[in-house]
Amino acid sequence: MRADSGTENLEVRRLMIARWGEQHLAFLRGRSVHNVRIERLWRDVREHTLDTFRALFTEMEESRVLDMDNIVHRLALRLAYEHRIRQALEDTKNAYNHHRIRTGGYQSPLRMFARSRARAMREGYWDVDPGDHVQVANPQLYGLGDDDDIIPPAHQLDRVGEVNAAREELDRLEEAEVRADMEALDWGRACLHGLDLTRDDGNLGQDVYQEAVAVLQAALNARLAP
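The opening position of the sequence shown corresponds to residue 1 in the UniProt record's numbering, with each subsequent residue numbered one higher.
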């Protein structure tokens with residue numbers, strides 16, 4: 001396996017060395033050209049898309065138009081800006097997929113993908129192996145044969161039950177939180193069914209957001225009224 005010098009693959013490195021030994025060079029670390037490209041892509045996404053909304057939301061907080069401790073404000077923000085953020089990301093994606101890459105022979109990513117896909121289909125290895133079903137693959141030791149024997153350290157085995165119980169409790173809490181969020185979103189969308197959340201208000205969506213806050217707050221007040 002080949003990876004960069006980041007820390008996210010340390011456990012993979014440990015397992016590879018435990019299985020094959022240091023001398024086999026089963027795990028190689030070094031500079032990754034692909035990683036440089038993805039890091040550049042993330043930088044472009046932040047600079048040209050996400051930072052715009054981050055700056056806008058910060059300004060809204062500073063002017064006290066937005067209070068992230070207020071559930072109505074959070075809900076209105078989500079509903080007023082989810083389409084705008086998706087559209088901005090879609091525009092960034094299209095711009096990236098069609099731009100020419102100097103080190104790729106001045107081809108666009110779409111062109112490079114189409115050529116590599118056509119070559120794979122000609123040579124007969126495109127989509128011939130769907131891989132193992134997700135329920136079969138072991139996320140911790142996936143890829144090892146049935147005869148392979150890599151036993152985690154004893155201190156890890158001692159904590160398996162404790163860790164599994166903690167994970168189950170965390171999953172339960174996360175599921176409850178997700179259900180509550182979905183219910184709030186369904187309620188919010190129902191309240192705002194007459195408001196065009198996607199319209200261009202000429203104010204970066206702030207007018208739509210404030211209208212959504214007013215409608216949701218009125219609906220909440222009516223719901224809580226005795």
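Note that the Cβ used here is the ideal one computed from N, Cα and C, for glycine as well.
Quick caveat: nothing in here was measured; it's all calculated off a predicted structure.
Take residue i as the anchor and find which of the options has the nearest alpha-carbon.
i: L89; options: A225, R46, L25, R172; result: R46
i: G104; options: M16, K93, S116, I71; result: S116
i: L56; options: A225, N203, D196; result: N203
i: R19; options: R167, T7, E8, M1; result: M1
Does residue i pass the burial test, meaning 16 or more other C-beta atoms within 10 Å, or should it be called exposed?
i: A222; result: exposed
i: V72; result: buried
i: residue 306; result: No answer is possible for residue 306: the residues shown for the chain start at 1 and end at 226.
i: L224; result: exposed
i: L197; result: buried
i: G194; result: exposed
i: A80; result: buried
i: G188; result: buried
Going by the CB atoms, is the gap between residue j and residue i shorter than 8 angstroms?
i: V213; j: R199; result: no
i: I17; j: A3; result: no
i: F113; j: I85; result: no
i: S108; j: R100; result: yes
i: T92; j: T49; result: yes
- prompt: Given 8 angstroms as the limit, is there contact between the region 212 to 220 and the region 69 to 83, that is, 3 or more CB pairs closer than that?
  reply: yes
query: Can you find at least 3 beta carbon pairs, one from the region 52 to 70 and one from the region 90 to 102, that sit closer than 8 angstroms?
result: no
message: Runs of 3 residues minimum, wholly inside the region 54 to 118: which ones carry the beta strand (DSSP E) assignment?
response: none
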